[in-house]
Amino acid sequence: MTDRLRITGGAVYDPANGVDGDVRDVCVENGRIVASLPDDAPRLDAHGMVVMPGGIDIHAHIAASSVNQARRILSDERTADPASPPALFDTVARSGTGGTVPTTFTTGYRYAGLGYTTVFDAAVAPVGARDTHAQLDDTPIVDSGFFVLMGNDPYLLQQVAAGERDRARDYAAWLLGATGAYAIKLVNPGGIELWKRNVRAVKSIDDALGIPGVTPRAIMETLADAANTLALPHPVHIHCNNLGLPGNVATTLDSMRALSGRRAHFTHVQFHAYAGGDGKPWASGAKELIAYINTHPEVTADVGQVMLGHATTVTADGAVEYLLHASTGRRWVNVDVELETGCGIVPYEYRDAAAVASLQWVVGLELFLLSEDPWRVLLSTDHPNGGAFTSYPELIRLLMDRAYRDERLEAVNHKLLAGSALADGLSREYTLREIAIITRAGPARQLGLTSKGHLGAGADADITIYARDPDIARMFATPRYVIKGGVLVVEEGQLRRAPPTHRLHVRPPYDEAMMRDLSVWFDRYATIALANYPVAPPRDAPVSLGAGA
Amino acid sequence: MSDGVTLTLRTAVARRLEAESITPDALATLDADAIARLPLWDGPQQVPLGDVFHVRGGMSSRVRVAGDLAMIDAIGAGMTTGELHVEGPVGRYVGTRMGGGELHVIGDAAYGAGLEMTGGLLDIAGNAGDRLGAGRLAAARGMSGGEIIVRGNAGAEIGATMRRGTVVVAGNAGPRAGTGMIAGNVIVFGSAGEDPGRFNKRGTIVVYGSVSVSPTYRYDCTYRPPHIAVTLVHLKLRRDLSVDGDVPAARFRRYSGDMAELGRGEILARSDER
Amino acid sequence: MSQMPGGDLVEHVTCLGCGCSCDDIAVAVRDGRIAEARGACALGSSWFGDGRVPAIARAHGSIVTVDAALDAAATLLDQARRALVFLGIDISCETQRAAVEVADTLHAVVDGVSSSTVAAGILAAQRRGRVSATLGEIRNRADCIVFWGTDPAARYPRYASRYAPEPAGLFVPDGRRSRRLVSVDVGDARGPADADTRIRIHAGQELDAIAALRAVLAGRPLGGTELDGALADLARTLTAARYVAIVYDAEPGALPPEPARAESLTALGQQLNAVTRACVTPLRGGGNRVGAESVLAWQTGYPMTVDFSRGHPRFRPDDGAGALVASGAVDAVLVVGRALGTPFAIDAVRSVAIGPSASELPCDAAIDTGVAGIHESGTAFRMDDVPLPLRAPVPGPPVAADVMRALAQRIGTRRSRRS
């Protein structure tokens, strides 16, 4: 291994720098991309291959306390998927188990094996942040960060009620730093706190939440403004109210309109894009939702595609999981997390014979195929909720290969598909450039990661090289080479090295005056001393602010 | 079975070995030399089958395994076809996850025989241990098909979390028979131990001998269940097994439960009433 | 740390004396010894002690350097046909992580205290899931606390004052007076004396009582059992509450043994959530035993009894540490942490111990380490799976996590040299 490498002859897809399949060299030195290297630098022959930045997962669940609760109840599926250690040259490799929620080491190896080099856990309870850092420390190869859950914490809700938006922002800033998080996550704003009070659904974003002045709208506005004022690299990351319910597209659109003009990321929008309800059957609301996204540049989204097959639903949105348990009789975990958030888990299978699962599959594809701006509608399966991350190659094939997609469409249940755009025939096929955007350049841009997701000079040398293959799924499932931070981690399709990883986090400033108020709150209601609450600061320096706003 | 494969244990084994490589499926495609090279597991080490067994014959799905096999686990695990005759006491997990074929044990079987079986026949001439035809301890779903016959007694938690298939015990069954059954049939010609059918959803537990039914089952009626007569004919004609003093006209007290679950399961306890 | 006359006061120390993991202890240190653990209960004070622990390393009967003991340990384990790594208590998650790595590299079996104490609950969760809440949620929200055959005062002394029923919380502003306290006495196992409601169940009728409650909740009352009246009242109490917490002691010795209790209570809790909000929370012992389950889950996918003999994790809950040693299936044992309640005789096979007071065990090699939370910082999990930081108020012997990482490295080097 040398610290210099010239990747020659590959077709480079680097959309952030306007490179669209041009054959050109990519030079790596000391872990970063450089403009040029001396001629005697070692070469990696990529002739006939496709070169992209390393993949970036903007929304997955890989290392939260909730994820580990899921691991603890899934012995049956993981018994069928043991993972022997890869043959690494540089470190002792670890074994593990897979299934839809792989163990930490296996998660890192499998992401890297797909050409992904950066992953964000999308939902971490603040009080569990220490657990998440430990799990991420045991997740090899990929750089990682997480979004910390807010918006169902009574302390914050009281600031919203009192109109104390500055204090709310200071609290958010403190919590981001105290937990070592990267962004603010909202899940079912206000709805989790209501679930704990046995109120099971928020009807609209203007529902009173039992505290005067507090509505989902006010919570979203407060935290969207906080993120934007703090100039966080990633705006507020929102899982809307009413996930998974028919007719919820109205709530989703209301939420987007409520934040009109404010930068915000709406996550797994497939689960929030259903028409119907109130006695009417489920139907696709994708056209309506994507039309709004297409015309509102401040909105970004990831899809949360449902993949037909096994999944594990795991979310802070506990009420949803109760409904899933009650309707399927499957095992169910609920953990109410002290004055912060919730956690629900139900193992699930999306069957192509089932009408709703088929509709969900179609809605996700419609969102992708009707999206006019790949930079703002990004690839995710809400791993492991819509399907495991290991199904991304299959999803990419569905997007790039219309004949295959039509064949799969034939096989699903069509009961609820009347009038859906996909069933009417969407002919679009994603290009490699567009795939590079929805899996690399787009996530990097929306996450404010200036040194990732592209191959310009100065970028982290996170690079994936695919051998072309008429079977798109096979091509994306088995990259020939993966380079992470300049180190060749996949060589001839085999995982060979596991270099050190980095933690992506922010540490925004806040007014210390807030701490006096917060310490009174802690004394009254917390079970942990305020002094013990913050995690040890990650080794890596915080990502700088100001790139996002 | 002169044209089959015969594996004869060479000497007693000191430590438990795992022998899921011994299935008719595997042996049908291998000659004697290749069979002798199949791995058995001694903890983390592999031992060639030929070191433990004398191998005669090959390329056959009719397999005989002979000797004191009490320390050999997982024989016939995952088999889907053929005939496997185990002559002698056998260790744990015999016929685990078997999906087809016939597995005959001429002796006692230890813990976990027929665990998570999906099809085929497992016929044990002697006694069976705990968790016969059950799921692994952590499994939400156990046996999902096939038939298990035990001609002696069976241990605790037989048929636990089973969802399809039939377990028949000619002797007595231990405590907690059919715990967590989703569906399927457990039939005990002798008596059943304490607390049968706890957490049972839709399963049927038939007991000819004594049985104590918990209050979470509700008495419905005393009647002649037609499906039992059909099963008895099958057992007599196909399995050469009949219940002592059986009269086809036997009546059963029917209890439905577990009322804490769906309440759609049943315990049928033979009634002395005529 | 603040200075005080004659010594230091280390504040916000987390106590691992029981699973409550109170993190408000102020440890007064004089001359490198613990003079007082302020705020700790009797159990906690005794857990802290004066902070003095043995600090030697031994190999084959002689006192040696830590390095030499590590070499002896690595050799012994590396040469074993099949090893068992046993996770004891009073170790941090960092130590547990390194211990699982050692087991993985050795293709050993890793087990811990949980499989011989709380396996029933762990397995019930695999089949049914769980309905739980962190202790802060119970403190702030539960208006009905059911102590199931359990008075936490005995083994979890500060539970009542820190979590429930005593503290005032956000939604229970008058503390104890805002809550209905129910005691379900199971046989001789009694709940708190000052309960508002008391129900007595014969030990042998516990499962039937829970089932009867569930049947009532499901609208299928059983009729005919003597418990009916009291249980119908209890069902009304539970469903009328806003937030129910059912609390039972999952550790052995408190309630009569009943393998199906955890599953029954879980099912009851799940069913209650159809009408109101409810959680079922086990009380767990100290020493970060809960952390071992978390670490095992994230590294192997299984919370206890994991066999790496095939080069990857296999879940073997029916082949726990006790059975493996007794049957001769393993020929070497590595005990990591304090060897409390090991379900086997350590001197039955060749053995290595690394942990607090390890040198007092009859082992071939032993390295004394500090106690997590007394001499070692790091992370530990509270009984409700909430992670807490550990502080190290006094200096001590080598840090267990460092020793275990050094052992992992030695074994990893030997193994990779061979492959």
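Chains as they are written, first to last, in the numbering used here: chain A, 1153 to 1701; chain B, 725 to 998; chain C, 17 to 435.
For every residue, glycine included, the Cβ atom is placed at its ideal position computed from N, Cα and C.
All figures in this text were calculated on a predicted structure; none of them were measured in a lab.
Item, Value
"Bridge partner(s) assigned by DSSP for Met1704 of chain A", "The structure shown has nothing for residue 1704 of chain A, since chain A only spans 1153 to 1701."
"Any C-beta of chain A under 9 Å from that of Arg888 of chain B", "no"
"Alpha helix (DSSP H) runs contained entirely in the segment 1211–1254 of chain A, provided each spans 4 or more residues", "1217–1224 and 1227–1231"
"Nearest candidate by alpha-carbon position, reference Val387 of chain C, set C:Cys31, C:Glu274 and C:Ala53", "C:Cys31"
"Identity of the residues DSSP links to Leu1640 of chain A by a beta bridge", "A:Ile1635"
"Interface partners of Tyr318 of chain C on chain A, CB under 7 Å", "Ser1227"
"Outcome for Gln1457 of chain A when other beta-carbon atoms lying within 10 angstroms are tallied against a minimum of 16", "buried"
"Rounded Cβ spacing between Gly165 of chain C and Leu254 of chain C (contact assumed at less than 8 Å)", "Contact doesn't hold; Cβ gap of about 16 Å is too wide."
"8 Å CB neighbourhood of Arg196 of chain C in its chain, flanking five on each side removed", "Asp159, Cys160, Ile161, Asp212, Thr213, Thr253 and Ala257"
"CA-to-CA distance, Asp1612 of chain A to Arg1659 of chain A, given in whole angstroms", "21 Å"
"Interface residues of chain C facing Thr1252 of chain A [CB-CB closer than 8 Å]", "None at all; the shortest Cβ gap to chain C is about 11 Å."
"Supposed contact pair Ala849 of chain B and Ile872 of chain B - C-beta distance, whole angstroms, cut 8 Å", "Between Ala849 of chain B and Ile872 of chain B the Cβ distance is about 13 Å, and since that is not below 8 Å, they are no contact."
"As assigned by DSSP and simplified to three states, the class of His1477 of chain A", "helix"
"Endpoints, the beta strand (DSSP E) within which Ser199 of chain C is located", "Arg196 to Val202"
"Partner residues on chain C for Ala801 of chain B, Cβ-Cβ distance less than 9 Å", "None at all; the shortest Cβ gap to chain C is about 13 Å."
"Leu1511 of chain A versus A:Ala1425, A:Thr1493 and A:Asn1394, residue with shortest Cα-Cα distance", "A:Ala1425"
"Assigned secondary structure, Tyr1544 of chain A (DSSP; H/G/I helix, E/B strand, else coil)", "helix"
"Residue-level contact to chain B via CB, Thr1231 of chain A, 9 Å cutoff", "yes"
"DSSP-derived helix/strand/coil call for Ala141 of chain C", "helix"
"Touch test, the segment 366–382 of chain C against the segment 64–83 of chain C, Cβ-Cβ under 8 Å, three pairs minimum", "yes"
"Glu1562 of chain A and Gly152 of chain C closer than 9 Å at C-beta", "no"
"Pairwise C-alpha distance: Leu764 of chain B and Gln1422 of chain A", "49 Å"
"Close beta carbons around Val291 of chain C, own chain, < 8 Å, minus the five adjacent residues each side", "Leu233 and Thr255"
"Residues bridged to Thr946 of chain B (per DSSP)", "B:Arg977"
"Cys295 of chain C, enclosing beta strand (DSSP E) - first and last residue", "Arg293 to Leu299"
"Per-residue burial, Val352 of chain C [other beta carbons within 10 Å of its own, 16 or more giving buried]", "buried"
"Beta strand (DSSP E) segment containing Gln769 of chain B, residue limits", "Gln769 to Pro772"
"Cα-Cα separation, Val26 of chain C to Ile1680 of chain A", "16 Å"
"At least three beta-carbon pairs within less than 8 Å, the segment 385–405 of chain C to the segment 32–50 of chain C", "yes"
"Inter-residue CB distance, Ala205 of chain C and Val260 of chain C (contact presumed, cutoff 8 Å)", "Contact flag wrong, Cβ pair sits at about 20 Å."
"Residue-level contact to chain C via CB, Arg875 of chain B, 9 Å cutoff", "no"
"Residues that Arg1483 of chain A contacts on chain B, provided the C-beta gap is smaller than 9 Å", "Ala864"
"Cα-Cα separation between Tyr1474 of chain A and Ala1570 of chain A, rounded to whole angstroms", "29 Å"
"Residue-level contact to chain B via CB, Asp310 of chain C, 9 Å cutoff", "Checking the displayed sequence, the identity of residue 310 of chain C turns out to be Ser instead of Asp. So, not an interface residue."
"Whole-Å CB distance - Pro1631 of chain A paired with Glu1586 of chain A, under 8 Å assumed", "Actually they do not touch by this definition, with Cβ atoms about 18 Å apart."
"Trp1347 of chain A, enclosing alpha helix (DSSP H) - first and last residue", "Gly1343 to Lys1348"
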